[in-house]
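Chemist: Every number in our numbering is 12 more than the matching position in the sequence shown, counting from 1. Before we start, here is the structure in question, set down as structure tokens.
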Amino acid sequence: MDKNASASAIVYLLRHAHSAWARPGQRDFDRPLDERGIEDARIVGNALSKRDKLPQAVLCSTAARCRQTCDIVLSYLTNPPPVENIDALYSNDYRYYVDLLSRQTASPVMLIGHNPMMEDTARALSATARDRPGERLQKGFPTAGLAMIEFDGSLASIDEGGHLSEFLSPKRLRKLAQRVDG
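Put into structure tokens, the structure is as follows:
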């Protein structure tokens, strides 16, 4: 198939990294990343920076842990894309996530949000997820998990489903790094 024959779109779904427990009186919305979350975001940012097709736009929940994850991950990119912070990503369901993604014009686009919406969105958009990435997704969507979903058409038609081409987690990235180093 000629790559120039039709437009294709890519969506990156990134769940926020591991966060600290809420302190007394602290809202869930305001919970920051903990040390593990900071390190995991760095690992994912480094892995993302080595991709051929980097995000051209980022949609990010305004929750503290998402904004912090976004800042760390994007710090690994030479030319970080524009970020749109969106309050509604904190409280809406996966249908909102899919609708929001389908209205984007930049591709690849990255969405940084919360579970269970991230897992539900990945499943809803992955019409073909029966291979290794799909098997990993069946085990859940861990904090700082990064799914890459490719579509044959534009983002406007993503509800027809795409292919989950990659599913990375900090745990898996650590194992891969140990193999290379060892």
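All C-beta atoms in this analysis are idealised placements derived from N, C-alpha and C, irrespective of residue type, glycine included.
So who's on the other strand from Leu71, going by DSSP bridges?
Modeler: Glu96 and Leu123
Chemist: Look at the Cβ atom of Thr155, then the Cβ atom of Arg54, and state whether they are nearer than 8 Å.
Modeler: no
Chemist: Measuring alpha carbon to alpha carbon, tell me which residue in Asn58, Ser61, Asn104 and His30 is nearest Glu47.
Modeler: With distances taken between CA atoms, Glu47 lies nearest to His30 out of Asn58, Ser61, Asn104 and His30.
Chemist: For Asp40, does the count of other Cβ atoms within 10 angstroms reach 16, so buried, or fall short, so exposed?
Modeler: exposed
Chemist: In whole angstroms, give me the CA-to-CA distance for Ser87 and Gln80.
Modeler: 11 Å
Chemist: Below 7 Å CB to CB, which residues in the same chain sit around Pro92 once its five sequence neighbours on both sides are set aside?
Modeler: Around Pro92: Leu86.
Chemist: For Met129, list the residues DSSP reports as bridge partners.
Modeler: None, per the DSSP bridge assignment.
Chemist: Taking its Cβ as the centre, do 16 or more other Cβ atoms sit within 10 Å of Leu188, making it buried, or is it exposed?
Modeler: Classification of Leu188: exposed, given that the 10 Å Cβ count is below 16.
Chemist: Identify which residue in Asp171, Asn97 and Arg191 has its Cα closest to the Cα of Asp132.
Modeler: Asp171
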